[in-house]
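**Q**
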Amino acid sequence: MAEKRNIRRYPKRLQLRFGQDGPLHLAFTGDISATGLFVKTTRTYPPRTSLDIELITRDNIIINIKGVVMWAKTTPMSLSHVAKAGMGIKIARILAGEEVYKTLLD
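Under the numbering used here, the first residue of the sequence shown is numbered 34, with each subsequent residue one higher.
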């Protein structure tokens, strides 16, 4: 199956917190791009859900993002280490840390 995306994705494992009513759940990124990110998690939300995301850089700088779930894939917790589970998030707005986020895209 051909790749549909034309935006370059960068494999990055960064800690983040996310949630619908504030960043409550802990997870990690699988990759990031200029327009979105993949959140590796077994705690998913349905497509079109708006999420608050706090992305934490290796220098402990917090990037605040408002994102929208584009797709979600769930797997049983026992298979999460072998099956890709998580959500594709489209960035709606970067509320704080936009310049720092841009430096991660290399």
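The beta-carbon is built from N, C-alpha and C at its ideal position, and this holds for glycine as well.
Could you tell me whether the Cβ of Lys135 comes closer than 8 Å to any Cβ of chain C?
**A** The structure shown contains no chain C; it is built from a single protein chain.
**Q** Under three-state DSSP, which class holds Thr136?
**A** Note: Thr136 maps to helix in three-state DSSP.
**Q** Residues in the same chain with beta-carbon distance under 6 Å from Thr74, minus the five sequence neighbours each way, listed in chain order, please.
**A** Closer than 6 Å at the Cβ level, and outside the excluded window around Thr74, lie Ala60 and Gly119.
**Q** Measuring alpha carbon to alpha carbon, tell me which residue in Asp85, Asn93 and Ile95 is nearest Pro56.
**A** It is Asp85 whose Cα lies nearest to the Cα of Pro56.
**Q** Which first and last residues belong to the beta strand (DSSP E) in which Thr62 is found?
**A** His58 to Ile65 is the extent of the beta strand (DSSP E) around Thr62.
**Q** Mark Leu49 as exposed unless 16 or more other C-beta atoms lie within 10 angstroms of its C-beta, in which case mark it buried.
**A** Buried, since its Cβ has 16 or more Cβ neighbours within 10 Å.
**Q** Quick one: residues in its chain with C-beta nearer than 7 Å to the C-beta of Ala67, no 5 flanking neighbours on either side, listed in chain order?
**A** Cβ within range, chain order: Ile40 and Leu138.
**Q** Do you know whose CA, among Pro80, Leu47, Gln53 and Tyr78, lies nearest Asp18's CA?
**A** No information on residue 18 is available, as it lies outside the stretch 34 to 139 that the chain covers here.
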